[in-house]
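Q: The listed protein sequences correspond, in order, to chains A and B. FYI, our numbering numbers position 70 of the first sequence as 70, with every residue one higher than the one before it. In our numbering, each number is its position in the second sequence, counted from 1, plus 1000. Beta carbons are placed, not taken as given, at the ideal position from N, Cα and C, and that holds for glycine. Here's a structure for you.
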Amino acid sequence: MDGVLVGFVIYLIVLAYIGFWAKRFTKTEDQYFIGGRKVKVLAAALSDKASDFSGWLMLGYPGQAFTAGLGAFWAAIGCLFGTLADYIFIGPRLRIYAGRFRAVTVPDYLEARLRDDTKLIRILGAVIILIFMTAYVSAQYKAGGKALSQAFGLDVNTAIILTALIVTAYVLTGGFFAVVWTDVIQAMFMLATLIIVPIVAVSAIGGLDKALEIMANADPKHLSPFGGATGLAALVFAIGYASWIVGYFGQPHIVTRYMSVEDPRKLRRPGIFISGFWTIAVLWGAFFAGFLGFALAKAGIINVSDPERVIPAIATSLLPSWLAGFVIAGILAAIMSTADSQLLVASSAVSRDIIHKVLGVELGNKQMVNVGRLVVLILTVVAVYYAMSESKLVYAMVATAWGGLAVGFGPILLLSLWWKRVTKVGGIAGMAYGLISEIILEAFIYGWEFNPKAPGIFGAIGSALNGVPVFFVNFFVTMAVIIVVSLLTKPPKEIVEMHERVFRKVPIEVARSRSQAENVAEFAKARGLI
Amino acid sequence: MFVYGFWDKITGKEYYVDEDVLGYDEEMEV
């Protein structure tokens, strides 16, 4: 307990220092919400991943690997390829447009790209962000509260307020820069945790062969890559997990990182390598922690009452207390690094999109940042209230959040970056359809997956697509809506011309084409070192 | 991942970038 507390206090001091240091970069909305588009690629790439992976990485996913076994590996494939797809299809092009349009938020970009003078795209975008992001923040506070209450024996509600206070403090003072650099520290914590835990697990059990033998005796399905399913059922099983890929295109707290990076070309290299290798390492670790945790539990080495608590169980049973404290900090880091990014994005939707751009409130730079801060504060109170209440509506919004954002923003972002013919009417129709259909289909008719239990025609559709996530199919339906409506309308000629001009390629400069190793070698040669 | 990372080196071309595209905040201290 004491070791845990000391580790945690050191961690808080680091967060507070970053919040204080970043305060100097909060003079304009550009700085407060996207770091003046001058964020180092290392920080942006690590922040992207730390914001993406929430408590799910430390608790939910190891829990899935514990229960489903080898089949849970598909979720890691989905997350890795989702990350790669974001860097290939969204990152560089979104950064180029964001710079040209001086866009601060995703609705900012969409409004400028589609030349929307009705403000409908901005309003729709802000509503989608506000509904789902606030619900998401409340879910993170709740998860943080649970983790903190278990680590220190606090009352859950007190722990929720404490989590919210920590996150809000550095978001308020340091804005985007504080969020990004605390994310970097948190990404390191997460990485270290997920390297330590599987190593401890495999050595405690006496090797991988021994673990596989225990699992095969306990439940042979654990070693099946499709959870024991065959044929079409195996395909649905794999799609169910790998469908996360398309969800990545539309998450505003993730894609905002690309808008903030100092140079779009750096997202290709080193950006993709930083985030790719980090993702592989943490998913590998989280998977093995849960997978091997099952064998440890079956061998009676650890006691796991709830599969989602498998990492804390390994840490407290097999590690010295100070190292267990490090693991608990890793879990909190995963939760807070997501909560802070989501809180800032939700606040930008209200203060930048609604108050500044839709209502037309024009104040000085400093005052606009302060409006942003006030909104952060108000949203924190709302999210804490949601986190403490057991409201069914909030639960439905949290369950719908990933799909709602994926379908609301994913298709229009992808098409507006890669297709010159997309029109504002197509965008409005697609986003409106995406928002409404996701809420109806996920919150009221099916839930996360299609199933035959739904009423009327939905039951027939549900039985045909049984087990496939709703948002995965709806993503492509929304895309079709945007394409059809865009083809029926006409985009302004100058927008089409600009789209062709803005992504032109030029021969690579010699200085930039060199790798770091080549630069180091040349420097060493010039100094006569080699 | 590797192919994408080195795509500009493979093709010898990259996206055109200038001050306007970078769009840095002028009041930024760094």
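Cβ of F25/A less than 8 Å from any chain B Cβ?
A: Here residue 25/A refers to the residue found at position 25 when the first sequence is read from its first residue. Yes, contact with chain B.
Q: For the beta strand (DSSP E) that contains K505/A, what are its first and last residues?
A: Looking up residue 505/A in the first sequence gives position 505. Where K505/A is concerned, the enclosing beta strand (DSSP E) stretches over 505-507.
Q: Please name the residue, chosen from I457/A, A349/A, I274/A, L283/A, that lies closest to I121/A on a Cα-to-Cα basis.
A: Counted from its first residue, the first sequence places residue 121/A at position 121. Taking only the C-alpha atoms, the option nearest I121/A is A349/A.
Q: Can you list the residues of chain B that L94/A reaches, using a CB-CB cut of under 8 Å?
A: Within the first sequence, numbered from 1, the residue matching residue 94/A stands at position 94. The contacting residues do not exist; L94/A stays about 12 Å from chain B at best.
Q: Alpha carbon to alpha carbon, what distance is there between G153/A and L332/A?
A: The sequence position of residue 332/A within the first sequence is 332, counting from 1. The sequence position of residue 153/A within the first sequence is 153, counting from 1. Rounded to whole angstroms, L332/A to G153/A spans 15 Å at the Cα level.
Q: Is any non-hydrogen atom of the ligand GDP found closer than 7 Å to the C-beta of E438/A, if you look at the structure I gave you?
A: Among the components modelled here there is no ligand, and therefore nothing to report on the ligand GDP.
Q: Do you know offhand how far G282/A's Cα is from Y61/A's?
A: Position 282 of the first sequence, counting from 1, holds the residue named residue 282/A. Position 61 of the first sequence, counting from 1, holds the residue named residue 61/A. Residue identity differs from the one stated: residue 282/A is Val in this sequence, not Gly. If you take the alpha carbons of V282/A and Y61/A, they lie about 11 Å apart.
Q: Write down the C-beta distance between G404/A and I439/A rounded to the nearest angstrom, noting that I regard them as a contact closer than 8 Å.
A: As a working mapping, residue 404/A is identified with position 404 in the first sequence. As a working mapping, residue 439/A is identified with position 439 in the first sequence. Confirmed, Cβ separation roughly 7 Å.
Q: Out of G69/A, M190/A, P411/A, P264/A, point me to the one whose CA is closest to S486/A's CA.
A: As a working mapping, residue 486/A is identified with position 486 in the first sequence. If we check each option's Cα against that of S486/A, P411/A comes out closest.
Q: Closer than 6 Å by C-beta to G325/A: which residues in its own chain qualify, once you throw out the five before and the five after it? Chain order, please.
A: The residue given as residue 325/A occupies position 325 in the first sequence. Closer than 6 Å at Cβ, skipping near neighbours: G3, V4, G7.
Q: Residues of chain B with a CB under 8 Å from the CB of T28/A: which are they?
A: Sequence index remark: in the first sequence, residue 28/A carries index 28 (1-based). Under the 8 Å cutoff, chain B gives D1025, E1027.
Q: Step through the CB atoms of chain A and report whether any lies within less than 8 Å of the CB of V1003/B.
A: Position 3 of the second sequence, counted from the start, is the residue given in the question as residue 1003/B. Cβ-Cβ to chain A under 8 Å: no for V1003/B.
Q: DSSP three-state call for Y1015/B: helix, strand or coil?
A: Looking up residue 1015/B in the second sequence gives position 15. It is a strand residue.
Q: Quick one: which unbroken alpha helix (DSSP H) runs of 4-plus residues sit fully inside the segment 243-281 of chain A? Chain order, please.
A: DSSP runs (the alpha helix (DSSP H)) wholly in the segment 243-281 of chain A: 244-247, 252-260.
Q: So is S530/A buried or exposed if we call it buried at 16+ other beta carbons inside 10 Å?
A: For the purposes of this step, residue 530/A is taken as residue 530 along the first sequence, with counting starting at 1. For the sequence presented, residue 530/A should be read as Ile rather than Ser. Its Cβ having fewer than 16 others within 10 Å, I530/A is exposed.
Q: Considering only DSSP beta bridges, list what V532/A is partnered with.
A: This structure gives no information on residue 532/A, because the portion of chain A shown stretches from 1 to 530.
Q: Pick helix, strand or coil for P469/A, following the three-state DSSP scheme.
A: Residue mapping note: residue 469/A aligns to position 469 of the first sequence, counting from 1. Here P469/A sits in strand by DSSP.
Q: To which residues of the same chain is T28/A closer than 6 Å at the C-beta, ignoring the five residues directly before and after it?
A: The residue given as residue 28/A occupies position 28 in the first sequence. Here the set comprises N365.
Q: Does K505/A come within less than 8 Å of chain B when only Cβ atoms are used?
A: Against the first sequence, residue 505/A aligns to sequence position 505. Chain B, which has a Cβ nearer than 8 Å to the Cβ of K505/A, makes this yes.
Q: Select from V407/A, A432/A, L465/A, E262/A the residue whose C-alpha is nearest the C-alpha of V1021/B.
A: Residue mapping note: residue 1021/B aligns to position 21 of the second sequence, counting from 1. Checked all of V407/A, A432/A, L465/A, E262/A; the closest Cα to V1021/B is E262/A.
Q: Tell me which same chain residues have a C-beta within less than 8 Å of the C-beta of V184/A, skipping the five on either side of it?
A: As a first step, residue 184/A must be located in the first sequence, where it is residue number 184. Excluding sequence neighbours, V184/A sits near L42, A43, L46, S47, A50.
Q: Counting Cβ pairs closer than 8 Å, one from the segment 82-98 of chain A and one from the segment 281-295 of chain A, do we hit at least three?
A: With a cut-off of 8 Å, the segment 281-295 of chain A and the segment 82-98 of chain A do not count as touching, because too few Cβ pairs lie within range.
Q: Hey, is I88/A's beta-carbon within less than 8 Å of any beta-carbon in chain B?
A: Translated into positions along the first sequence, residue 88/A becomes position 88. Yes, I88/A lies at the interface with chain B (some Cβ there is under 8 Å from its Cβ).
Q: Quick check: what's the CA-CA separation for G247/A versus F472/A?
A: As a first step, residue 247/A is located in the first sequence; it is residue number 247 there, counting from the start. As a first step, residue 472/A is located in the first sequence; it is residue number 472 there, counting from the start. Straight-line Cα distance between these residues: approximately 8 Å.
Q: Count the other C-beta atoms from every protein chain shown that fall within 10 angstroms of the C-beta of N474/A, then say buried if there are 16 or more, exposed otherwise.
A: Residue 474/A sits at position 474 when you count from the first residue of the first sequence. Buried, since its Cβ has 16 or more Cβ neighbours within 10 Å.
Q: Since I believe L343/A is in contact with V104/A (beta carbons under 8 Å), could you give me their beta-carbon distance rounded to a whole number of angstroms?
A: In the first sequence, residue 104/A corresponds to position 104, counting from 1. In the first sequence, residue 343/A corresponds to position 343, counting from 1. That belief does not hold up - the Cβ atoms of V104/A and L343/A are roughly 16 Å apart, past 8 Å.
Q: Anything in chain B within Cβ reach of G276/A, meaning under 7 Å, just list it in chain order.
A: One-based indexing of the first sequence puts residue 276/A at position 276. The contacting residues are M1001.
Q: Quick one, are the C-beta atoms of K23/A and G228/A less than 8 Å apart?
A: Residue mapping note: residue 23/A aligns to position 23 of the first sequence, counting from 1. Residue mapping note: residue 228/A aligns to position 228 of the first sequence, counting from 1. No, the pair does not count as a contact, with Cβ atoms beyond the cut-off.
Q: Identify which residue in A521/A, A517/A, I508/A has its Cα closest to the Cα of Y1016/B.
A: Here the question's residue 1016/B lines up with position 16 in the second sequence. When only C-alpha atoms are compared, the closest one is I508/A.
Q: Looking at chain B, which residues of the segment 9-24 of chain A have a Cβ within less than 9 Å of any of its Cβ atoms?
A: Answer in chain order: R24.
Q: With a threshold of 16 other CB atoms inside 10 Å of the CB of S260/A, please say whether the residue is buried or exposed.
A: By 1-based counting over the first sequence, the position of residue 260/A is 260. Label assigned to S260/A: buried.
Q: Any beta carbon of chain D sitting closer than 8 Å to that of D263/A?
A: Here chain D cannot be found, since the structure's protein chains are A and B.
Q: What does K453/A reach in chain B if we use C-beta pairs closer than 7 Å?
A: Within the first sequence, residue 453/A is the residue found at index 453, counting from 1. In chain order: nothing, as chain B lies at least about 40 Å away.
Q: Are there 16 or more other CB atoms within 10 angstroms of the CB of K490/A, so buried, or fewer, so exposed?
A: For the purposes of this step, residue 490/A is identified with residue 490 of the first sequence, where counting begins at 1. K490/A is exposed by the Cβ-count criterion.
Q: Spell out the partners DSSP gives E449/A in its beta bridges.
A: Start at 1 with the first residue of the first sequence, and residue 449/A comes out as number 449. Bridge partners of E449/A: P469/A.
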